[in-house]
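Asks: I'd like to ask you about the structure that follows.
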Amino acid sequence: MRLTLYTDYALRTLLYLGVHADRRVSIREVALAYGISENHLVKVIHHLGKGGFVDTLRGRNGGLMLSRPPEQINLGDVVRHTEDDMALVGCMVPPGKENARAGEGCVLASGCTLRGMLGEALGAFMAVLDGRTLAELLGPYEVKTLREAAPGTEKKTGETAE
Numbered sequence: 001m002r003l004t005l006y007t008d009y010a011l012r013t014l015l016y017l018g019v020h021a022d023r024r025v026s027i028r029e030v031a032l033a034y035g036i037s038e039n040h041l042v043k044v045i046h047h048l049g050k051g052g053f054v055d056t057l058r059g060r061n062g063g064l065m066l067s068r069p070p071e072q073i074n075l076g077d078v079v080r081h082t083e084d085d086m087a088l089v090g091c092m093v094p095p096g097k098e099n100a101r102a103g104e105g106c107v108l109a110s111g112c113t114l115r116g117m118l119g120e121a122l123g124a125f126m127a128v129l130d131g132r133t134l135a136e137l138l139g140p141y142e143v144k145t146l147r148e149a150a151p152g153t154e155k156k157t158g159e160t161a162e
């Protein structure tokens, strides 16, 4: 299974917020840290907020924070929330879905076992993610590259990172 960039950005954002759990961070800071468009990241963060993964606060002292501890953020829940289409092949797309891919009415449907096998594989993939949390991604070690302030953002001392 290949996850979309949208989900990748969502997971990266949660990871960044987990590393910097002691403070609010700006969308700009996350965007600079990963080289992601701020405009695209706004959409991802808004969606994460609607899903209850991120708290946002506007204004001068605003920013982003995790809405709950990393131990309570399940990776399977994040992936389900951010992926529109979990179908591995066209025949797995639910009938009538607006963005249905070619494959509905497949001539092999009556005797094909591929759909069942792929469904089982997807279930195993999601079972692994369902058993993992953001805290496990953060790990017992420090994620050093994310501890440094992104270039062009303010450090805690008020100086600008170079």
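Going by UniProt numbering, the sequence shown opens with residue 1, and the numbers climb by one from there.
For each residue, glycine too, the CB sits at the ideal point set by N, CA and C.
Got a sec, what are the start and stop residues for the alpha helix (DSSP H) VAL42 sits in?
Replies: The residue you call residue 42 lines up with position 42 of the sequence shown. Run containing VAL42: 38-50, per the alpha helix (DSSP H) assignment.
Asks: Whole angstroms is fine: what's the gap from MET117's alpha carbon to ALA87's?
Replies: The count along the sequence shown starts at 1 and reaches residue 117 at position 117. The count along the sequence shown starts at 1 and reaches residue 87 at position 87. Roughly 12 Å separates the two Cα atoms.
Asks: Measuring CB atoms only, is the stretch 41-61 touching the stretch 3-16, in the sense that at least three cross pairs come out at less than 8 Å?
Replies: Short answer: they touch.
Asks: For GLU83, I'd like the list of residues in its chain whose CB is within less than 6 Å of its CB, leaving aside the five on either flank, ordered along the chain.
Replies: Position 83 of the sequence shown, counting from 1, holds the residue named residue 83. Cβ neighbours of GLU83 beyond the five flanking positions: THR7.
Asks: Under a Cβ-count criterion, where at least 16 other Cβ atoms within 10 Å of its own Cβ denotes burial, should VAL25 be classed as buried or exposed?
Replies: Along the sequence shown, one-based indexing puts residue 25 at 25. Buried is the call here.
Asks: Is MET65 near LEU17, with beta carbons less than 8 Å apart?
Replies: The residue labelled residue 65 in the question sits at position 65 within the sequence shown. The residue labelled residue 17 in the question sits at position 17 within the sequence shown. Closer than 8 Å, so yes.
Asks: For the alpha helix (DSSP H) that contains VAL128, what are its first and last residues?
Replies: Position 128 of the sequence shown, counting from 1, holds the residue named residue 128. From DSSP, the alpha helix (DSSP H) with VAL128 extends over 114-130.
Asks: Can you give me the start and stop residues for the alpha helix (DSSP H) that LEU14 sits inside?
Replies: Position 14 of the sequence shown holds residue 14. First-last of the alpha helix (DSSP H) with LEU14: 5-19.
Asks: Tell me the DSSP bridge mates of GLY63?
Replies: Counting from 1 along the sequence shown, the entry for residue 63 is found at position 63. DSSP, once it has assigned bridges, lists LEU57 as partnering GLY63.
Asks: My output table needs one value for ARG2: the three-state DSSP class, helix, strand or coil.
Replies: By 1-based counting over the sequence shown, the position of residue 2 is 2. Coil, per DSSP.
Asks: Excluding the 5 residues preceding and the 5 following LEU137 in the sequence, name in chain order all residues of the same chain whose CB lies nearer than 7 Å to its CB.
Replies: By 1-based counting over the sequence shown, the position of residue 137 is 137. For LEU137, where only same-chain residues beyond five positions count, the Cβ hits under 7 Å are LEU15.
Asks: Applying the criterion that 16 or more other CB atoms from any shown protein chain within 10 Å of the CB defines a buried residue, is LEU75 buried or exposed?
Replies: The residue labelled residue 75 in the question sits at position 75 within the sequence shown. Buried, by the Cβ-count rule.
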